[in-house]
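Chains H and A, in that order, are what the protein sequence lines are. Okay, so the first sequence: first residue is 219 according to the working numbering, each after it adds one. Okay, so the second sequence: first residue is 219 according to the working numbering, each after it adds one. To start, the structure itself, in structure tokens.
2 protein chains.
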Amino acid sequence: MIENSYTFLIQYFRLLKSIDKIDFEKRNGIIPVVVQDIRTKDILMLGYANKYALTKTVETGNAHFWSTSHNRLWMKGEESGNIQPVEKILVDCDSDALLYLVNSMKPACHTGNRSCFHNELG
Amino acid sequence: MIENSYTFLIQYFRLLKSIDKIDFEKRNGIIPVVVQDIRTKDILMLGYANKYALTKTVETGNAHFWSTSHNRLWMKGEESGNIQPVEKILVDCDSDALLYLVNSMKPACHTGNRSCFHNELG
């Protein structure tokens with residue numbers, strides 16, 4: 219039990235250290251987050267995260283974002299119940315964009331659609 | 219031939235009209251673009267587009283972006299040769315994020331990796 223807690227703490231601090239390497243400053247503190255279904259590879263939505271939102275995602279295991287319109291933290295599903303458990307977080311080569319790989323069958327869009335990208339240009 | 223040209227013009231003006239509906243202003247003229255392989259559904263990169271870059275993408279059929287660091291238009295592959303032919307463009311529910319579905323087997327990352335998202339957090 220103590221050993222498990224120790225391993226958990228090591229992993230947790232390693233993640234916090236990784237978060238510190240993300241280049242939030244380049245984008246004025248807020249970077250884009252692509253959300254992809256880890257099984258179907260469908261792109262579900264695009265949100266934004268600051269350091270706080272990413273830390274909350276790592277701590278809770280559920281996708282958190284920073285609302286650029288309301289200027290506040292939000293958890294995906296906090297109202298709809300359609301939470302997005304995050305299985306993996308990838309960082310791009312410039313460390314200024316994120317990819318949440320989520321395990322959720324629920325609609326990601328506020329319109330009820332599975333994906334927010336449901337309209338073709340034209 | 220005249221009929222084909224007419225059809226082409228109709229489609230072209232329809233696309234230009236669609237571009238006018240994109241909410242570039244909400245993000246100060248520049249919105250994020252997710253690039254996904256249309257066959258494997260791998261996410262290749264995240265770039266940015268203004269109205270000019272999106273119009274060039276529609277006109278040429280190759281992925282164009284707006285460089286936020288160099289403040290200029292760029293075509294993916296203009297130096298490396300790894301162009302990204304765009305088969306479909308999707309718009310998100312808020313009309314302030316784009317998805318280019320591309321048909322390219324080439325590396326998308328300047329590091330030579332297939333995807334810019336090749337590092338896991340932690």
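Backbone N, C-alpha and C fix where the C-beta goes; we use that ideal spot for every residue, glycine too.
Checklist entry - Between the stretch 265-285 of chain A and chain H, which residues of the former have CB atoms less than 7 Å from a CB of the latter, in chain order? => result Taken residue by residue, none of the stretch 265-285 of chain A has a beta-carbon sitting less than 7 Å from a beta-carbon on chain H.
Next on the checklist: Comparing C-alpha positions only, which one of A/Pro325, A/Lys269, A/Asn246 sits nearest to A/Leu234?
Outcome noted: The residue from A/Pro325, A/Lys269, A/Asn246 with its alpha-carbon nearest to that of A/Leu234 is A/Lys269.
Checklist entry - Do the stretch 276-293 of chain H and the stretch 284-299 of chain A meet, that is, are 3 or more Cβ pairs less than 8 Å apart? => result Taking 8 Å as the limit for Cβ pairs, the verdict is that the stretch 284-299 of chain A does not touch the stretch 276-293 of chain H.
Item to check | Per DSSP, the bridge partner or partners of H/Lys306 | outcome: DSSP, once it has assigned bridges, lists H/Leu319 as partnering H/Lys306.
Checklist entry - Within 7 Å (strictly less), CB to CB, does A/Glu338 reach chain H? => result Judged by the 7 Å Cβ criterion, A/Glu338 is in contact with chain H.
Checklist entry - What residues from chain A crowd round H/Leu233, counting only those whose CB sits closer than 8 Å? => result Neighbourhood of H/Leu233 in chain A, by CB distance below 8 Å: Leu339, Gly340, in chain order.
Checklist entry - So who's on the other strand from A/Leu227, going by DSSP bridges? => result For A/Leu227, DSSP assigns no beta-bridge partner whatsoever.
Next on the checklist: Contact defined as beta carbons within less than 8 Å: I believe A/Val304 pairs with A/Ala281. What is the distance between those atoms, to the nearest angstrom?
Outcome noted: Between A/Ala281 and A/Val304 the Cβ distance is about 5 Å, and since that is below 8 Å, they are a contact.
Checklist entry - What is the rounded straight-line gap between the Cα of H/Leu262 and the Cα of H/Leu317? => result Answer to the nearest angstrom: the Cα atoms are 11 Å apart.
Checklist entry - Under the DSSP definition of a beta bridge, which residues are partnered with A/Tyr266? => result A/Pro250.
Checklist entry - From the beta carbon of H/Lys259, is the nearest beta carbon of chain A less than 7 Å away? => result It does: the Cβ of H/Lys259 has a partner Cβ on chain A nearer than 7 Å.
Item to check | Rounded separation between H/Asn321 and H/Lys259 - CA only | outcome: Between H/Asn321 and H/Lys259, the alpha-carbon positions lie close to 10 Å from each other.
Item to check | chain C contacts from the stretch 232-251 of chain H (Cβ-Cβ distance under 7 Å) | outcome: Within the model displayed, chain C is absent; protein chains H and A are what it includes.
Item to check | Limits of the unbroken beta strand (DSSP E) element including A/His328 | outcome: Looking at the DSSP string, A/His328 is not in any beta strand (DSSP E), and its letter there is neither H nor E.
Item to check | Cβ distance (whole Å) where H/Lys306 is taken to contact H/Ile256 below 8 Å | outcome: Their Cβ separation, rounded to whole angstroms, is 7 Å, which keeps H/Lys306 and H/Ile256 in contact under 8 Å.
Checklist entry - Under a Cβ-count criterion, where at least 16 other Cβ atoms within 10 Å of its own Cβ denotes burial, should H/Leu339 be classed as buried or exposed? => result By the Cβ neighbour-count rule, H/Leu339 is buried, with 16 or more other Cβ atoms within 10 Å of its own.
Checklist entry - Would a check of beta-carbon distances place H/Ala326 closer than 7 Å to chain A? => result Not a single CB atom of chain A sits nearer than 7 Å to the CB of H/Ala326.
Next on the checklist: Is H/Phe335 close to chain A? Criterion is C-beta to C-beta, closer than 7 Å.
Outcome noted: At least one chain A Cβ lies under 7 Å of H/Phe335.
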